[in-house]
Structure formats: C-alpha cells, structure tokens
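**Student:** Starting off with a structure, shown below.
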DNA sequence: TATGAATGAGCTTTCATTCAT
DNA sequence: AATGAATGAAAGCTCATTCAT
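Chains as they are written, first to last, in our numbering: chain G, 1 to 192; chain C, 1 to 192; chain L, 1 to 192; chain V, 1 to 192.
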C-alpha cells in the first residue's frame with residue numbers, strides 16, 4: 001500500500017534472483033557443492049549475503065531448483081489425464097523426472113549423500129514429488145499395468161539413483177535404464 | 001634358513017590384514033574417502049604405514065574389496081551352468097553383485113564419484129566384472145530372454161547405481177529394485 | 001561516505017603490515033621458508049589470512065623486502081652523481097646492497113636456493129637492481145677504473161653470495177669481503 | 001695376524017665404500033641432503049646400515065669428500081714451493097678449492113647452512129683447509145703481495161660462499177669471481 | 001543489510017629416525 | 001650386523017563459516 005515496502009521487496013527479490021542464477025551457473029560448472037565463494041563471486045556479492053538468504057546449502061539448492069521441481073510435480077496429473085494408459089503416463093513422468101535430474105550435475109548424488117546438510121533437500125523432493133509418483137503408480141496398479149508390490153518411495157529413490165553420474169560416461173544412458181525399470185514394473189505374464 | 005624369511009613376511013601379511021580390516025571399517029563408517037589418519041588410527045598404526053603398503057588410495061580400496069570382487073566374478077560361469085535359464089542365471093548373479101555392494105557402505109557411491117582417485121577403482125570393477133555380466137546377458141539374449149538393446153556396461157552401471165545409499169532408508173530395497181530392472185530386460189510381449 | 005571505504009582499507013593495511021612484520025621476523029629466525037603456520041602464529045592470525053594476502057610465498061617475500069630493495073635501487077644514480085669517482089660510487093653502492101642483505105638473515109641464501117618458490121624473488125631482485133649495478137659498473141669501466149670483462153649479473157650474484165651466513169660468525173665480515181671483490185675489479189697495473 | 005679379523009675388516013671396508021659411492025651419486029643427483037632412503041636404495045642396503053656407519057649426515061658427507069679435501073690440503077705446500085710467486089700460489093690453490101666445491105652440488109650451501117647437522121662438516125673443512133690457506137696467505141703478505149688485513153678464515157669463508165649455486169646459472173662463473181677476490185687481496189698501489 | 005577478512009579444522013604427503021626381527 | 005617396517009612430526013593448502021565494520 002505504501003510505496004516503500006513493495007519497492008524494497010522488489011529489490012530484494014531481484015537480488016535473490018541474481019543469487020539463484022549465480023548458484024545455478026556454479027552448480028552446472030562445479031556440481032551442487034560448488035564452493036560458496038564461487039557462487040558469491042559469480043553473483044558479485046559477499047559470501048555473507050548468501051548465508052543471509054540461504055542459511056544452509058540445502059536451502060540454496062532447493063531454491064535454485066524449486067521451479068523445475070514444481071513443474072515436474074504439476075505435470076503428473078496432466079500426464080495421467082492425457083496419456084493412453086496409466087503405465088504410459090508413469091513412464092512419461094519418469095522420463096520428465098530423469099530429464100530434470102540428469103541435467104543438474106551432481107544433484108542426484110547430493111540426494112543420496114549422507115551429509116546431513118542434504119537431508120532437507122531430500123525431504124523437499126520427497127514432499128513434492130512422492131505424492132505425484134504415488135498417484136501415477138497407483139493408477140497403473142489399479143489398471144493392472146503394474147505390480148502392486150512396489151512402493152512409490154522405492155521407485156523414486158531408484159530412479160533418482162539411476163541418474164547419478166549420468167552424462168559422465170557416454171555408454172550409460174540414464175533415461176534408457178529408467179525405462180527398463182518402469183518396464184519391469186509390469187506384472188509378469190501368468191506362467192502359463 | 002627357510003624359517004627366517006617367511007616369518008617376516010607372515011608378520012607383514014598379518015599387519016596388512018589389520019590395515020585392510022581397519023580400512024574396511026573406516027570405509028563403512030565414513031565412505032571410501034575416509035581420512036587416511038582415521039584408517040591409521042583404527043589400525044593402530046602411523047599414517048606412514050598406510051602409504052608404505054598402499055601408495056595410492058585406489059590401491060587400498062582395491063585391496064580391501066579384491067576378494068569379494070573375485071568371488072563375484074567367478075560365480076558367473078557357475079550360475080550360468082547351474083541355473084534353469086540364462087535369464088534366471090543373470091538375475092541370480094545380479095543378486096550376488098547387489099548383495100556385495102549394499103554391504104559395502106559407500107562403495108557404490110565411490111564408484112560413481114568423479115574424484116579421479118577412484119578412476120582406478122572403477123576400472124578394476126569394470127575389468128573384472130564386466131566380462132562376466134556380458135556373458136550372462138549375452139546368453140539371455142541368445143535364449144530370447146532379454147532384449148538385445150541393452151549393453152552390459154549400462155546394466156552394470158545401473159545396478160551399481162541402484163545400490164547407492166542402500167541400507168540408509170528401510171523403505172528402499174536395492175535388491176528388489178535391481179530385480180525389477182532385470183525383469184525389465186525381458187523382451188516386451190508381442191503387442192498381440 | 002568518503003569515510004567508510006577508507007576505514008576498512010586502513011584496517012586491512014594495518015593488518016597487512018602486521019603480517020609483513022611477522023613474516024620478516026620469521027624470516028630472520030628461520031629463513032624465508034619459515035613455515036606458514038609460524039608466520040601466522042607470530043602475526044596472531046590464521047594461516048588463511050596469510051594465503052589471502054599473499055597467495056604464494058614469493059609474494060610474501062617480495063612484499064617484505066620491497067621497500068628496501070627500492071631504496072637500494074634509487075640510491076644508485078645519486079651515488080654516481082655525488083661521488084668522486086665511478087669506482088668509488090660502485091663501491092659505495094655495493095656497501096649499501098651488502099648492508100641490506102646482511103641484515104636480512106636468510107635472504108641471501110634464499111636468493112640462491114634452487115627451490116622454485118624463490119624464482120620470482122630472484123627475478124625481482126635482478127629486475128630492480130641489476131640495471132642499477134650495470135650503470136655503475138659501466139661508468140667505472142668507461143673511466144678506466146674497472147676491467148671490462150666482468151658482467152654486472154655476475155658481480156651482483158657474487159656479492160649476494162658473499163652475504164650468505166654473514167652475522168653467524170664474527171670472524172666473517174661480508175662487507176669487507178665485498179669491498180675486496182670491488183677492489184679486485186680495478187684493472188691490473190701494467191706489468192712494468 | 002689372524003686371518004679372521006683382517007678379512008672382516010676388508011669386507012667392512014668394501015661395504016662402506018659401496019655406501020660412499022652411493023652417497024656420492026645421490027649427492028650429485030639431489031644435493032647433499034638427498035633423502036637417506038635414496039642413498040640406501042642406491043647402495044642396495046637398508047637405511048639402518050647407513051645410520052650404523054654414519055650416525056649423522058655430516059659424518060657421511062665428510063667421509064664422501066675426505067679424499068678430495070685431503071688432496072686439496074696437501075696441494076697447498078706443493079703450490080707454494082713450485083709457483084713463481086706466493087700470490088700466484090694462493091690464486092692457484094683457491095682455484096683448486098673452487099673447482100672442488102663447484103662440482104659438489106649443494107656442498108657449498110651446506111657449509112653455510114645453519115642446520116646444526118652441518119656444524120661438524122663446517123668444522124672439518126676449517127680444520128683441514130684453514131691452515132693451508134693461512135700459510136699461503138701469510139706467504140703472500142710477507143712477500144708484499146697481499147694486504148695484511150685479511151684473515152684466512154674470512155677468505156676461505158668468502159670463497160666458499162662464492163661457490164654457492166655455481167653451475168645453476170651460466171652467467172655466473174664462480175672461479176672468475178674467486179679470482180677477482182684474490183686480485184683484490186693485492187695491496188692498493190700507493191696513492192701517488 | 002551487505003561485505004569480505006579472518007579463522008582454523010582438516011586433509012594429504014614426505015621423510016628422518018628408531019627398533020624389532 | 002643388517003634390514004626395512006613403522007612411526008609421527010611437519011608442512012602446505014582449501015574452504016565452510018563467523019563476525020566486525
């Protein structure tokens with residue numbers, strides 16, 4: 001309502017965006033545990049500023065990838081609605097998820113790190129994406145297109161794992177492997 | 001005369017085993033990049049002793065896991081000979097491989113690390129196990145029990161990845177997921 | 001506004017001077033390859049601070065001695081102008097140079113070290129002082145007061161060497177020996 | 001008198017000679033502070049053997065160079081007897097001394113090191129060579145060919161210094177500089 | 001609120017030296 | 001007497017994190 005407050009907020013947001021862009025760039029170049037100093041330098045700010053905005057590294061990573069995680073989350077229902085079969089919808093969604101992860105150097109590995117710094121990060125991914133994955137998987141199970149003995153958590157964890165190190169060796173195609181895993185979800189044909 | 005020389009060697013060997021045990025323990029606790037100091041402390045020796053026996057970290061890691069890698073490698077042909085179908089043999093071998101990896105906390109992750117220290121380690125695994133995996137997979141393909149479009153390297157890499165972080169979350173069962181992947185190898189049923 | 005920026009810089013500069021003093025003291029006590037940790041301890045700072053200000057050891061050494069090297073360099077022309085003969089001017093300048101070196105315990109030795117860390121240091125000395133020495137020597141040669149077969153580089157190198165270890169043994173007077181060397185520069189009297 | 005003792009002594013001497021040769025080689029390759037291990041390896045013995053024969057590094061260095069130091073020492077009187085003038089004899093002897101030092105990489109520097117390990121080494125050189133230098137210098141003074149105000153110790157120390165680092169820079173010729181110094185010993189011509 | 005200087009823990013690696021065999 | 005395995009002190013360097021300005 002006053003002019004002051006909004007203006008400040010706008011400035012702050014611009015500032016924060018600069019930080020996020022810098023972090024994203026640093027993450028691409030050196031992985032998600034790029035030195036704080038590098039990020040600060042890219043953003044043209046002091047390290048203190050980063051710590052003020054993002055107290056832990058997980059906060060920063062989450063902020064950097066929030067948009068894309070959200071996009072991935074919201075794609076779930078659309079795919080379910082617009083794809084021929086629930087299994088195909090699940091496969092397509094997994095593809096999206098893998099695409100996201102393999103392009104974020106080091107992110108998949110960070111999700112598996114036992115460094116407690118990354119617990120928050122892990123939790124965020126589970127929080128936002130697990131329900132989506134669960135509903136897709138559940139639909140497939142209901143349609144008889146997937147075994148009922150696979151938990152959505154395990155599936156997501158597995159797919160996340162398959163993305164680790166992807167891109168470092170041309171002989172390894174994470175997307176292909178993830179699709180193999182999804183294919184494996186189909187109920188085995190009745191042993192005639 | 002014949003007693004003298006061996007005696008020293010026996011001691012040295014015992015000592016080396018102590019080192020390997022300590023390293024294994026440290027690897028479990030802190031991953032394969034556990035500080036050399038920690039390993040030395042666990043073994044009750046000075047750091048110099050570690051460097052004397054294992055000049056590079058890769059030497060140490062390979063030594064720690066050599067026995068089990070060799071056992072895994074030699075199990076391949078036996079399984080192929082003694083199992084009902086090639087696909088079942090492959091599944092059984094993958095099970096062995098996963099069993100090995102999931103009990104070596106941090107090893108799977110190290111295999112994916114881009115730390116150059118681990119290149120030798122990675123190479124050793126590929127060297128010893130890839131041919132085994134390849135022959136099993138090839139037999140399955142020949143028997144019409146597996147798609148021909150999956151490279152053994154990719155399969156091993158994927159299975160290795162699935163083992164990362166296993167045991168940290170009870171909701172994730174790496175063996176189960178690996179078997180899903182193997183199930184996904186089966187040729188898709190002809191779309192009748 | 002004009003006060004803010006300078007204040008920080010003033011502090012930093014004071015700090016840097018503390019560092020230089022500490023380094024100078026450490027160099028006296030333990031030579032110019034005194035452990036970084038020692039220097040930091042003397043200055044009452046962490047090692048990181050040293051690395052921040054002086055990324056390489058050569059940077060630190062040059063900084064420590066810069067003032068005096070510059071003073072020595074600028075004294076050359078003055079002496080040439082204000083002294084009775086070119087040879088006397090050269091002798092006086094060499095005296096200055098020796099005075100500088102002998103009071104910097106360990107510096108002369110470092111200039112001769114084959115440790116690559118010191119290459120930059122050596123280069124700096126040559127850069128700043130060699131031209132000065134050369135002009136003095138050349139004037140003496142022109143005046144018929146010095147043999148033409150001695151290169152300024154060799155002369156400086158020799159004088160530098162004569163200063164090594166000076167002060168450790170009371171029976172050795174580097175200045176005296178340097179003057180002997182300068183005396184030896186005079187052309188030999190014609191063998192009548 | 002018995003056969004045993006002499007034989008043993010002969011063996012021991014041979015062994016020691018092997019050590020000295022190895023040390024000499026290591027000194028050439030890596031200076032007089034070459035790692036003990038290198039020397040042991042070259043000699044094909046364990047490090048313990050070196051320590052048994054030469055408790056301190058100085059002992060080893062002295063032993064390695066003893067022959068040559070003795071040769072240099074005994075050359076003094078011969079030169080004095082067989083050279084035209086005492087000054088020329090001194091000059092020739094300094095030449096011998098410089099030749100010796102510049103071919104022993106790092107030796108001149110070790111003589112100036114303030115590492116207490118090398119005190120013995122320094123003492124040995126002074127012990128054996130100072131009297132020789134003193135008698136040559138004294139003869140030159142007596143003949144009116146050298147100033148009386150230079151102590152033999154200082155002269156030797158200076159010449160030793162001039163040899164430091166010789167051979168590392170082609171622009172520096174230690175022998176030339178030493179001869180300059182010796183030339184400077186001549187009494188200045190009477191200021192007519 | 002932003003800055004970036006300072007801190008110091010932590011890791012690797014090298015050798016001189018000791019001492020059990 | 002010889003061996004060489006073991007020891008561990010040292011030293012360099014890198015960041016994550018704090019905090020005075």
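Just so you know, even glycine gets a beta-carbon here, dropped at the ideal spot from N, CA and C.
Whose Cβ in chain V lies nearer than 7 Å to the Cβ of residue 124/L?
**Tutor:** None at all; the shortest Cβ gap to chain V is about 16 Å.
**Student:** Quick check on residue 100/L - is its C-beta less than 8 Å from some C-beta in chain V?
**Tutor:** Chain V, which has no Cβ nearer than 8 Å to the Cβ of residue 100/L, makes this no.
**Student:** Any idea if residue 55/G is buried or exposed, counting beta-carbon neighbours within 10 angstroms, 16 or more meaning buried?
**Tutor:** Exposed, by the Cβ-count rule.
**Student:** Indicate whether at least one CB of chain C lies closer than 8 Å to the CB of residue 114/G.
**Tutor:** For residue 114/G, the answer is yes, since a Cβ of chain C falls inside 8 Å of its Cβ.
**Student:** Rounded to whole angstroms, what's the CA-CA distance from residue 119/G to residue 161/G? Just pull it up for me.
**Tutor:** Looking at the two C-alpha atoms, the distance is approximately 16 Å.
**Student:** Got a sec, what are the start and stop residues for the alpha helix (DSSP H) residue 39/L sits in?
**Tutor:** Where residue 39/L is concerned, the enclosing alpha helix (DSSP H) stretches over 36-43.
**Student:** Need the endpoints of the alpha helix (DSSP H) that residue 172/V sits in, please.
**Tutor:** Careful: residue 172/V lies outside any alpha helix (DSSP H) and carries neither H nor E.
**Student:** Can you tell me where the alpha helix (DSSP H) holding residue 97/L begins and where it ends?
**Tutor:** Counting along the chain, the alpha helix (DSSP H) containing residue 97/L begins and ends at 86-102.
**Student:** So which residues of chain G does residue 164/C contact, with C-beta pairs closer than 7 Å?
**Tutor:** Going along chain G in sequence order, the residues near residue 164/C (Cβ under 7 Å) are 112, 161 and 164.
**Student:** Mapping DSSP to helix, strand and coil, what is residue 20/G?
**Tutor:** Correct three-state label for residue 20/G: helix.
**Student:** I want to verify the contact list: residues of chain G whose CB lies under 7 Å from the CB of residue 78/C, in sequence order.
**Tutor:** Those do not exist, as residue 78/C stays about 25 Å from chain G at its closest Cβ, beyond 7 Å.
**Student:** Give the straight-line distance between the Cα atoms of residue 136/V and residue 32/V, rounded to the nearest whole angstrom.
**Tutor:** Cα-Cα distance, rounded: 29 Å.
**Student:** If you draw a straight line from the C-alpha of residue 30/C to the C-alpha of residue 53/C, how long is it?
**Tutor:** The alpha-carbon atoms of residue 30/C and residue 53/C are separated by roughly 21 Å.
**Student:** Measure the alpha-carbon distance for residue 73/L versus residue 67/L and round it to whole angstroms.
**Tutor:** Roughly 10 Å separates the two Cα atoms.
**Student:** Among the candidates 42/L, 41/L and 182/L, whose CA atom is the shortest distance from the CA of residue 97/L?
**Tutor:** Of 42/L, 41/L and 182/L, the residue nearest in Cα terms is 182/L.
**Student:** Would residue 145/C be called buried (16 or more neighbouring beta carbons within 10 Å of its own) or exposed?
**Tutor:** By the neighbour-count rule (16 or more Cβ atoms within 10 Å), residue 145/C is buried.
**Student:** Is the distance from the Cβ of residue 45/G to the Cβ of residue 19/G below 8 Å?
**Tutor:** Cβ distance < 8 Å, so residue 45/G and residue 19/G count as in contact.
**Student:** List the whole-angstrom C-beta distance separating residue 272/G from residue 64/G, where the pair is believed to meet the contact cut-off of C-beta under 8 Å.
**Tutor:** Absent from the structure is residue 272/G, since the part of chain G shown begins at 1 and ends at 192.
**Student:** Can you tell me whether DSSP reads residue 1/G as helix, strand or coil?
**Tutor:** Any answer about residue 1/G is weak, because its pLDDT of 44 lies below 50 and its placement is not dependable; what the coordinates show is given next. Correct three-state label for residue 1/G: coil.
**Student:** Please work out which residues of its chain come closer than 6 Å, Cβ to Cβ, to residue 177/L, disregarding the five sequence neighbours upstream and downstream, and give them in chain order.
**Tutor:** Correct list, in chain order: 162.
**Student:** Could you give the residue range of the alpha helix (DSSP H) that holds residue 131/G?
**Tutor:** Where residue 131/G is concerned, the enclosing alpha helix (DSSP H) stretches over 119-142.
**Student:** Less than 8 Å separating the beta-carbons of residue 171/V and residue 154/L?
**Tutor:** Cβ atoms of residue 171/V and residue 154/L: closer than 8 Å.
**Student:** Comparing the C-beta of residue 145/L with each C-beta of chain V, is any distance below 8 Å?
**Tutor:** With 8 Å as the cut-off, residue 145/L does not count as an interface residue toward chain V.
**Student:** Please list, in chain order, the chain V residues whose beta carbon lies closer than 8 Å to that of residue 151/L.
**Tutor:** 171, listed in chain order.
**Student:** May I have the straight-line CA-CA distance separating residue 115/L from residue 186/V, to the nearest angstrom?
**Tutor:** Approximately 37 Å, taken between the alpha carbons.
**Student:** So what does DSSP say about residue 66/L, is it helix, strand or coil?
**Tutor:** Helix.
**Student:** For residue 188/L, would you say it is in contact with chain V, using Cβ-to-Cβ distances shorter than 8 Å as the test?
**Tutor:** Yes - at least one Cβ of chain V is within 8 Å of the one on residue 188/L.
**Student:** Thinking C-alpha only, which one of 37/C, 140/C, 156/C and 50/C is nearest residue 108/C?
**Tutor:** The shortest Cα separation from residue 108/C among 37/C, 140/C, 156/C and 50/C belongs to 156/C.
**Student:** Taking residue 86/L and residue 158/L to be in contact with their CB atoms under 8 Å, please state how far apart those CB atoms are, rounded to whole angstroms.
**Tutor:** At roughly 19 Å, the Cβ-Cβ gap does not stay under 8 Å, so residue 86/L and residue 158/L are not in contact.
**Student:** Please report the residue range of the alpha helix (DSSP H) in which residue 150/C lies.
**Tutor:** That residue, residue 150/C, is in no alpha helix (DSSP H); it is neither H nor E in DSSP.
**Student:** For residue 163/G, which three-state DSSP category applies?
**Tutor:** Residue 163/G: coil per DSSP, three-state reduction.
**Student:** Can a CB atom of chain V be found closer than 8 Å to the CB of residue 168/L?
**Tutor:** So, interface residue.
**Student:** Under 7 Å Cβ-Cβ, which residues of chain L neighbour residue 185/V?
**Tutor:** Here the neighbours are 180.
**Student:** Using the C-alpha atoms, what's the distance from residue 59/L back to residue 127/C?
**Tutor:** Cα-Cα distance, rounded: 47 Å.
**Student:** Using three-state DSSP, classify residue 27/V as helix, strand or coil.
**Tutor:** Of the three classes helix, strand and coil, the one that applies to residue 27/V here is helix, per DSSP.
**Student:** Quick check: residue 92/G and residue 79/G, are their CB atoms within less than 8 Å of each other?
**Tutor:** Yes. Within cutoff.
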